[in-house]
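>
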Amino acid sequence: MARFAAATALASSLAYILVAAGTASAQTPPAKQDRMVVDARELVYDNDKKTVAAVGDVQILYQGRTIEADRVVYDQAGKRVVATGNARITEANGTVITGDRFNLTDDFRDGFIDSLRVVNPDKTRFSAPRAERTDGETFVFEKGIYTACEPCKDNPERPPLWQVRSARIIHKKAEQTIYYEDARIEFLGVPMAYIPYMSGPDSTVKRKSGFLAPKFLNTGPLGYGVGLPYFLNLAPNYDVTVTPTYLTRQGLLGQAEWRHRLVNGSYSIRGSGIFQQEPEAFLASPLGPRDKDFRGSIETNGRFFINPRWTFGWSAAMSTDRWFYKNYRIRNESISSTTYLQESISTAYLNGQSSTAWFDMRGYYFQPLTSSDWQKQQPVVLPVLDYNKRLHKPSFLGGELSFNVNITNLSRDAAAFSELPKQQTYLITTPSYSLYDGCAVYQKSTCLVRGLAGNVARATAEVSWRRNFIDPLGQVWTPYASLRADIFSINPNTTKYFNANVATIADTSDEVFGRAMPAIGLMYRYPFVAKTSWGTHIIEPVAQIVARPNETNSLRIANEDAQSLVFDANNLFEWSSKFSGYDRVEGGSRANVGALYTGRFGKDAFANLLLGQSYQLGGRNSFSAGDLVNTGLNSGLDTDTSDIVARAQISPAKGFFLTGATRLNQTTYEMQRIDAAATYSNSVISTSVGYGRYEPQPELGIVRRREGLSLNGSVLVAQNWRLRAGVLFDLDKYKLDRENFRTAYASFLTNGGVAPAYPNTGPFQTASTSFGINYTDECTVFDVSYSQSYADRQSGATKDSRTVMFRLELRTLGEISYSQNLDSSSVGDGVSSSSTR
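For the sequence shown, the numbering used here begins at 67 and goes up steadily by one.
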């Protein structure tokens, strides 16, 4: 009761004094005043000095702030509050301020603090021997220290990983800005960088105008470069970032990005451009942009929600030349993810979906980004329309009824060819280079047409039904029926470039024709379940039969979307067609049989195995009738009895996975395709091994076996430190090197000249390597990596590419990154090796 009385008395005294001071000049007092709550062990009144002291475990709550201390003295005459002994202020936003001594005004807004320490809600920290707060919103830290790192738990006095030590740190809350005067950045207490003056937003800021972290680069044709981005926050929902970059060889590169968020979506526009000072640093056309003084690009992305089910958007990019993005390190989300023969893909789309239906309409434009591709051979695809509707358990049929619609229209200026059995002829041949695939003889047996010039359109509609029945024995019967109709419109162009050569291979007349493909089928499954002391096992034989009429017009169709066909366990039991697209459709009657095993062992281990084969029962085998690109040949399906396919997924322990897939020749059982991988990961180590081998497919223009091995891994070498490395081996390249030597040596014996050197490459020829080290904690990300891509016959790269990348991110301060090429770039970059410095 005594403690409660003392607290009440001090609260009443302080509250009366503070309220009176705040309302002395007001004619009409406010209707409601902030209340003060005080808790302490005792009160000490000094009438002579006009002070009131709260002593012992003092806690004061006022205007959302909490003050804690061993002793709090209020000086009525000076209108000051002095808190000493374990003094602590907790702000309404969660900021904690501690110090040896607080000397504050009676509203706790302004004053001096000795041995200050501030911990903000985002875990950033300030400290200083002395600090002053004015106007209730400006903190001035004399000899202040700032860091976003947490103190060491075992030794809190040890310097954090990094900190900013400054003669003065000024935090202006009204501006949401922190200013640093005469600052230096220290790592583990050691000064590493000196900055006379800098500023940055505080932790409450989401967006604020100002300079961002600089960007550095260095390449042979560009020289040394530094870019300083400036972010301009024009409004809460739109902004501009301007990045001028000075390059010692090429001059000023300008970049700007506009971002705008609206109620129903957002979009962005980026532009880049430069008037080059030394165009001669690049290769001449058509291998490089030496003939261009101005080079630039524009990219835009957007997505908008019409309503909860419908969206439309776009992702588009265009550049003055195909090498600009790579030469100037321009960010472009539209670039394809493939390593070689990259292209920039622009698209616009309209998409709608519900729980049972899906609609997508879009168009595509492709810009090749290497010298090996010709823009005239790239199709413009507009539109591509897909619609899918599924009815679950319709009352008149049961099961599932689905509707599929696809409409595709594309056009290109120049026909695309590929020579059989090996590409040796090019449309453009000079003493120094050869470009764009052609054929020595334009006939079906020695030349493929990968794309017709002119216009090709197709409309497809399909309705299908299937339903599962389970009999009393547990056997599962799935009947299937479908009807598909296609309409083609083909208008070849044979008047430009090399397009007339198509006439010797395919019918080049304008034509509109149709195709219908009904199908009926039945699938049978009978799972057998067994339980043992070491696991649960399910063995399930599967058989499927599908009857269709023969496929028609396979040689008339310009196969644009079904050129990739890989027969494996994933499409063994495909109902509609094993072709990957709509242009081709599987015909004839076919049976697919296999056996599936699934096992569970203990808590984490499992195994899944599938073995199967396909049989052509009647009619014409679609996979043995090659189209203009011979799709289906050498696929393992082109004989009445297919190759054998198998798939395995095994996890013997938590975090350890083994996967594999293969296709075996149906008579010799030789492996035609192998895909295998092993992965293991836990909190300390992560590793993976991948192996692939694919036998030649000469009728598709692939005359060599392809074989590769990849090794990747990372290991936690210390707390927060992780080391990673990876290597990719081309296990077949040494054979090509020796074949090329024999060819060159035969030419030397016939024509004379310089004798070629015998290659010293072995089976483990490296295709690429990379390694790096990363440090990540609550306040810092540090990463250094090295990568090397070796010259590759398919990419057109004539030299190795070696790159070192560095990135340092200090939380709340910013990020700095640097990329350095260690050698000259390849022809694929449009860069002359003699132009580097």
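For every residue, glycine included, the Cβ atom is placed at its ideal position computed from N, Cα and C.
Source: prediction; values computed, not measured.
Under 7 Å Cβ to Cβ from Val783, same chain only, skipping five residues before and after it: list those, please.
Only Leu789 meet the Cβ criterion.
> May I ask which residues mark the beginning and end of the beta strand (DSSP E) holding Leu127?
Looking at the DSSP string, the run of the beta strand (DSSP E) that includes Leu127 is 117 to 128.
> Can you find the residues in the same chain that come closer than 6 Å, C-beta to C-beta, to Phe579, ignoring five residues on each side of it along the sequence?
These residues qualify, in order along the chain: Phe554.
> With distance defined between alpha-carbon atoms, name the residue in Arg375, Asp141, Lys272, Lys358 nearest to Asp112.
That would be Asp141, whose Cα lies nearest to the Cα of Asp112.
> Does the beta-carbon of Leu318 have 16 or more other beta-carbons within 10 angstroms, so that it is buried, or is it exposed?
With fewer than 16 Cβ atoms within 10 Å of its Cβ, Leu318 is classed as exposed.
> Out of Asn559, Gln125, Ile364, Trp380, which has the shortest C-alpha to C-alpha gap to Phe371?
Checking every option, the nearest Cα to that of Phe371 belongs to Trp380.
> Determine the DSSP secondary structure at Tyr735, reduced to helix, strand or coil.
The answer is coil: DSSP assigns Tyr735 none of H, G, I, E or B.
> Give the DSSP-derived three-state secondary structure of Asn616 in the structure shown.
Coil, per DSSP.
> What does a CB cutoff of less than 6 Å around Ser885 pick up in its chain, not counting 5 residues either side in sequence?
For Ser885, where only same-chain residues beyond five positions count, the Cβ hits under 6 Å are Leu283, Met871.
> Indicate whether the contact test is met: 3 or more Cβ pairs, each with one atom in the region 506 to 519 and one in the region 563 to 583, closer than 8 Å.
Yes: the two stretches touch, three or more of their Cβ pairs being nearer than 8 Å.
> Within 10 Å of its beta-carbon, does Arg859 have 16 or more other beta-carbons around it, so buried, or fewer, so exposed?
Because Arg859 carries a pLDDT of 39, less than 50, the predicted location of this residue cannot be relied on, and no value is offered for it.
> Give the secondary structure of Arg804 by DSSP, where H, G and I count as helix, E and B as strand, and everything else as coil.
Helix, per DSSP.
> Among the candidates Lys720, Phe837, Pro217, Thr164, whose CA atom is the shortest distance from the CA of Gln229?
The option with the nearest alpha carbon to Gln229 is Pro217.
> Please classify Glu30: is it buried, with 16 or more other beta-carbons within 10 angstroms of its beta-carbon, or exposed?
Summary: the structure shown does not reach residue 30, with the chain confined to residues 67 through 903, and so no result is reported for it.
> Please tell me whether Asp479 and Arg524 are closer than 8 Å, where the distance is taken between their beta carbons.
No. Outside cutoff.
> Using the Cβ count rule (16 or more neighbours within 10 Å means buried), how would you classify Ile235?
Classification for Ile235: buried.
> Roughly how many angstroms lie between the CA atoms of Ser438 and Gly337, to the nearest whole one?
One C-alpha to the other measures close to 26 Å.
> Measuring alpha carbon to alpha carbon, tell me which residue in Arg273, Ile364, Ala347 is nearest Lys358.
Of the candidates Arg273, Ile364, Ala347, the one whose C-alpha sits nearest the C-alpha of Lys358 is Ala347.
> What's the call for His237, buried or exposed, on a 16-neighbour Cβ count within 10 Å?
With 16 or more other Cβ atoms within 10 Å, it is buried.
> With a cut-off of 8 Å, do at least 3 Cβ pairs link the region 269 to 278 to the region 182 to 190?
Cβ pair count under 8 Å is three or more, so yes.
> When the Cα atoms are used, what is the spatial distance from Ser708 to Tyr391?
Approximately 46 Å, taken between the alpha carbons.
> Please state the DSSP three-state secondary structure of Leu888.
Coil, per DSSP.
> Going by beta-carbon coordinates alone, are Phe168 and Tyr128 separated by less than 8 Å?
No, the Cβ-Cβ distance between Phe168 and Tyr128 is not below 8 Å.
> Here's the rule: buried if 16 or more other CB atoms are within 10 angstroms of the residue's CB, otherwise exposed. What is Asn393?
Looking at its Cβ environment, which holds 16 or more other Cβ atoms inside 10 Å, Asn393 is buried.
> Can the beta-carbon of Thr413 be found closer than 8 Å to that of Arg428?
Cβ atoms of Thr413 and Arg428: closer than 8 Å.
> Spatial neighbours of Gly464 within its chain, please: CB distance less than 8 Å, with the 5 preceding and 5 following residues excluded, ordered by chain position.
Once the five neighbours on either side are set aside, the close Cβ partners of Gly464 are Arg533.
> Straight-line CA distance for Leu888 to Phe297?
Straight-line Cα distance between these residues: approximately 32 Å.
> So, helix, strand or coil for Asp180, using DSSP?
Three-state DSSP puts Asp180 in a strand.
> Give, in chain order, every unbroken run of the beta strand (DSSP E) that is at least 3 residues long and sits entirely within the region 482 to 567.
Here the runs fully enclosed are 482 to 485, 492 to 495, 500 to 503, 513 to 517, 520 to 532, 542 to 558.
> Starting from Phe390, trace the alpha helix (DSSP H) in both directions and tell me its first and last residue.
From DSSP, the alpha helix (DSSP H) with Phe390 extends over 390 to 393.
> Going by the CB atoms, is the gap between Pro825 and Arg804 shorter than 8 Å?
Yes, they are a contact pair.
> Of the choices Thr164, Thr307, Val769, whose alpha-carbon is the least far from that of Lys488?
Per the Cα distances, Val769.
> Does the Cβ of Leu440 have 16 or more other Cβ atoms within 10 Å, making it buried, or fewer, making it exposed?
It should be pointed out that residue 440 corresponds to Trp in this sequence rather than to Leu. Looking at its Cβ environment, which holds 16 or more other Cβ atoms inside 10 Å, Trp440 is buried.
> Please list the terminal residues of the continuous beta strand (DSSP E) segment that includes Arg713.
Per DSSP, Arg713 belongs to the beta strand (DSSP E) from 710 to 719.
> Ends of the beta strand (DSSP E) at Gly291?
289 to 293 is the extent of the beta strand (DSSP E) around Gly291.
> Just tell me which of Lys597, Gly779, Ser643, Gly540 has its CA closest to the CA of Pro584.
When each option's Cα is compared against that of Pro584, the closest is Ser643.
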